[in-house]
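Read in order, the letters of the sequence shown are residues 1 to 209 in my numbering.
Single-structure report; data block below.
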Amino acid sequence: MPPASNTVHAVLPLALFEAVRDLDVPPGADLDEFHRELTVKRLGTSATVAAQIERYVTLVRSGRRVEAEEVVAVLRLIGRRADASLVFAAGGRLAGHRAARLASLGGRVVRRVLGGSPREGVGFRLARGAAKEVLSADLTRAGAVFEAVLRGPLAAAATLDGSACGFFGSAVAELLRAFTTFEGALFHTQCRARGDKECRWSSAVRQEG
């Protein structure tokens, strides 16, 4: 039975909070020494974020899902930050990396021993399965062109300007890099926040006329 549409994989909020923590903690900082000053200014150093990360790690390990509204709230919180685009991009990379690690172990083993087209084919199937299960995205390929469609209005519901879409685009791109020969960028060709019927990404920009 497919998961209920009002729930999403716990990897999504986990990756978002991990990105907030990583961007808010200065490199090499001793949190014990600077804790009082930093906690006032940086959300990522707070006990709340640490507790949320611990909670979501447990949920991911147990294969549990969370309510979509819970993730919408996190996306909205991040969307109010001045560095929201950086957090969404970093969080997407973390989500894509975690999604790749959750893909079929058997499939990953088979892919390692194959070469050429068979390896690429198995890799794409792994990416497609992980995108559907973890990112709630449908991934397709036509030759060298990859496309992804986000199921549901999660990103657009969280940020009216569509900035949260950057999280999902970054996650899909990272997943493709993990399993295929994909290089470059995914272009957000359609967006619910811009009035389109769906959020869609493509590795190629269609030329008009």
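All C-beta atoms in this analysis are idealised placements derived from N, C-alpha and C, irrespective of residue type, glycine included.
Because the structure is a prediction, the values reported are computed rather than measured.
- Under the DSSP definition of a beta bridge, Thr159 lacks any partner.
- By the CB criterion at 8 Å, Val149 and Val71 fall outside the cutoff.
- With fewer than 16 other Cβ atoms from the protein chains shown falling within 10 Å of its own Cβ, Val145 counts as exposed.
- If you check the CB distance, Ser203 and Phe88 do not come in under 8 Å.
- The criterion of a C-beta distance shorter than 8 Å is not satisfied by Ala10 and Arg76.
- Shown here, Glu183 sits in coil according to DSSP, grouped into three states, outside any helix or strand.
- In this structure, the straight-line span from the alpha carbon of Pro13 to that of Arg151 is close to 17 Å.
- Leaving aside the five residues that flank Val74 on each side, the residues in its chain whose CB is nearer than 6 Å to its CB run, in chain order, Pro13 and Leu16.
- For a cut-off of 8 Å, the C-beta gap from Ala90 to Ala19 is around 4 Å, short enough to register as a contact.
- Taking C-beta atoms under 8 Å as the contact rule, Gly92 and Phe179 fail to qualify, at a distance of about 16 Å.
- Short of 7 Å from the beta carbon of Leu59, and not among the five residues preceding or following it, lie these beta carbons of its own chain, in chain order: Ala10 and Val66.
- Just measuring C-alpha positions, the residue of His97, Ala156, Leu175 and Ala155 sitting nearest Thr140 is Leu175.
- Residue pairing by DSSP places Ser202 opposite Glu147 and Phe187 in a beta bridge.
- Here Arg61 is exposed, its C-beta having fewer than 16 other C-beta atoms within 10 Å.
- Per DSSP, Val57 is one residue of the alpha helix (DSSP H) stretching across Ala47 to Arg61.
- Pairing Ala142 with Val172 gives a Cβ-Cβ distance that is not under 8 Å.
- CA-CA distance, Leu94 to Ala156, rounds to 21 Å.
- Taking the CA atoms as reference points, Ala84 sits about 35 Å from Gly121.
- Counted as a single uninterrupted DSSP element, the alpha helix (DSSP H) harbouring Asp24 occupies residues Val11 to Asp24.
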